[in-house]
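Asker: I have a structure here, written as structure tokens, and I will follow up with some questions on it.
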Amino acid sequence: MFKNKKTIIIAMLVLLLAMVGCSGNTDKDGQEGSIDQTLGESLDYKIIGIDAGAGVVQAAERAVEEYGLKYTVQTSSGAAMTQALSDAIRDENPIIVTGWSPHWKFAEYDLKYLEDPKLIMGEAENIHTIVRLGLKNDMPNAYEILNNFYWTPEDMESVMLEIYHGTDIEVAAQNWIDNNEDIVKEWTDGISAVNGDSIKLAYVAWDTEIASTNVIGLVLEDMGYDVTLTQVEAGPMWAAVASGDADAMVAAWLPGTHADYMESYADEVEDLGPNLEGAKIGLVVPTYMEDVNSIEDLME
Ligand code: PBE
């Protein structure tokens, strides 16, 4: 009896040790799917991008080329990228995404930008307000409000976070306005309201631009404008302001991210300067990918 019991206990211990041994085969810091795979193999040599027209995707493609990486940048959408990121983090799997800040993902997850010693992804960026030629004459009040529009990365991130946590976009934008009346007053100070003039703002469905466009849209609405927000892709957004189809956009990332767009349309738009300073783009990974700190670490 005693002997039997002992045998059972030993058998159980052996089984337990075997199970522990097995789980030891999957890399504990989540860098690789199995011990035989390189990081690149476990990622299928993919960097998770967003929409093809985004400057950050083009910059990532340039980085792949300049650093001689085996990776390809997979295009999708901002929403698909953040979904892939959250799935990977849930399972502590490795992932590389095209990222930018301000962005709620840095408040929600432990993430890091990969160093970029060749500065291919650019340095500090600002977000500019761009209007169509002639807006100053046609709609001087809106032009002034757009010219005054300026906030901080923290302001923008607070709107993005509220939307991420489930608040309706317009409600989150209105909440920010209600909580920051002094700032909004600076944008509208001394400018008189109009009586239902139509104004059209173009934007792309990037989390940053959803936040900014909705905030300035509501401010213009409060000032008596009949505001239409039109969601398009990046190229069409720039083209719409250049052709006058849209009156303005607050989504131009300069000097780097949208340099090509700016160069193409320089003579066909008016740049009202930054509405936010201290933005950034880059390749972003979860901090648990301890061995990967630089784009150079992706070279094989
Ligand atoms: N972004 C957000 C855009 C600009 C705003 C960084 C995704 C881009 O890459 O073009």
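First residue of the sequence shown? That's 1 in the numbering used here, and the numbers climb one at a time after it. Using N, Cα and C, we set each Cβ at its ideal position, and we do this for glycine too.
Leaving out five residues on either side along the sequence, give the residues of the same chain with a beta carbon under 8 Å from the beta carbon of Val-232.
Answerer: Once the five neighbours on either side are set aside, the close Cβ partners of Val-232 are Ala-202, Tyr-203, Val-204, Ala-240.
Asker: Are the beta-carbon atoms belonging to Asn-293 and Tyr-150 less than 8 Å from one another?
Answerer: No. Outside cutoff.
Asker: Does Ala-259 come out as helix, strand or coil in the three-state DSSP assignment?
Answerer: It is helical.
Asker: Spatial neighbours of Thr-208 within its chain, please: CB distance less than 8 Å, with the 5 preceding and 5 following residues excluded, ordered by chain position.
Answerer: Closer than 8 Å at the Cβ level, and outside the excluded window around Thr-208, lie Trp-100, Pro-102, His-103, Ile-127, Met-156, Met-160, Ala-251, Ala-279.
Asker: Let me know if Val-284 comes out buried or exposed under the rule of 16 or more other beta-carbons within 10 Å of its beta-carbon.
Answerer: Answer is buried; the Cβ neighbour count reaches 16.
Asker: Please report how far the alpha carbon of Ile-145 lies from the alpha carbon of Asp-291, in whole angstroms.
Answerer: Their Cα atoms are separated by approximately 47 Å.
Asker: Return yes when the C-beta of Thr-75 is under 7 Å from any heavy atom of the ligand PBE, and no when it is not.
Answerer: False, no ligand heavy atom lies under 7 Å from that Cβ.
Asker: Confirm, please, whether the CB-CB distance from Ile-169 to Ile-96 is below 8 Å.
Answerer: Result no, Cβ atoms of Ile-96 and Ile-169 do not sit closer than 8 Å.
Asker: Out of curiosity, what's the CA-to-CA distance linking Ala-259 and Lys-185?
Answerer: About 32 Å.
Asker: Given 7 Å as the limit, tell me if Thr-49 has its C-beta closer than that to any heavy atom belonging to the ligand PBE.
Answerer: Here the sequence assigns Gly to residue 49, which means Thr is not the residue at that position. No, the ligand PBE has no heavy atom inside 7 Å of this Cβ.
Asker: Give the secondary structure of Met-237 by DSSP, where H, G and I count as helix, E and B as strand, and everything else as coil.
Answerer: In this structure, Met-237 counts as helix in the three-state DSSP scheme.
Asker: For Lys-46, write down the residues that DSSP places opposite it in a beta bridge.
Answerer: According to DSSP, Lys-46 bridges with Thr-72.
Asker: For the ligand PBE, is there any heavy atom lying closer than 7 Å to the beta carbon of Gly-190?
Answerer: No, the beta carbon of Gly-190 sits no closer than 7 Å to any heavy atom of the ligand PBE.
Asker: How big is the Cα-Cα spacing for Gly-282 and Asn-195?
Answerer: Using only the alpha carbons, I get a separation of about 43 Å.
Asker: Going by DSSP, what residue range makes up the beta strand (DSSP E) through Asp-267?
Answerer: Premise fails: Asp-267 is in no beta strand (DSSP E) and is neither H nor E.
Asker: Could you tell me whether any non-hydrogen atom of the ligand PBE is closer than 7 Å to the CB of Trp-238?
Answerer: Not under cutoff, so the answer is no.
Asker: By the DSSP assignment, the alpha helix (DSSP H) with Ala-54 in it spans what residues?
Answerer: Here Ala-54 belongs to no alpha helix (DSSP H), and DSSP marks it neither H nor E.
Asker: How big is the Cα-Cα spacing for Pro-286 and Glu-61?
Answerer: The alpha-carbon atoms of Pro-286 and Glu-61 are separated by roughly 20 Å.
Asker: Should Glu-181 be listed as close to the ligand PBE, given that the test is whether its C-beta is under 7 Å from any heavy atom?
Answerer: False, no ligand heavy atom lies under 7 Å from that Cβ.
Asker: Name the DSSP beta bridge partners of Pro-286, please?
Answerer: Bridge partners of Pro-286: Leu-111.
Asker: List in chain order: all unbroken beta strand (DSSP E) runs of 3+ residues lying wholly within the segment 78-135.
Answerer: Qualifying beta strand (DSSP E) stretches, in chain order: 97-101, 111-113, 125-132.
Asker: Would you mind sorting Gly-273 into buried or exposed? The rule is 16 or more other CB atoms within 10 Å of its CB.
Answerer: Exposed is the call here.
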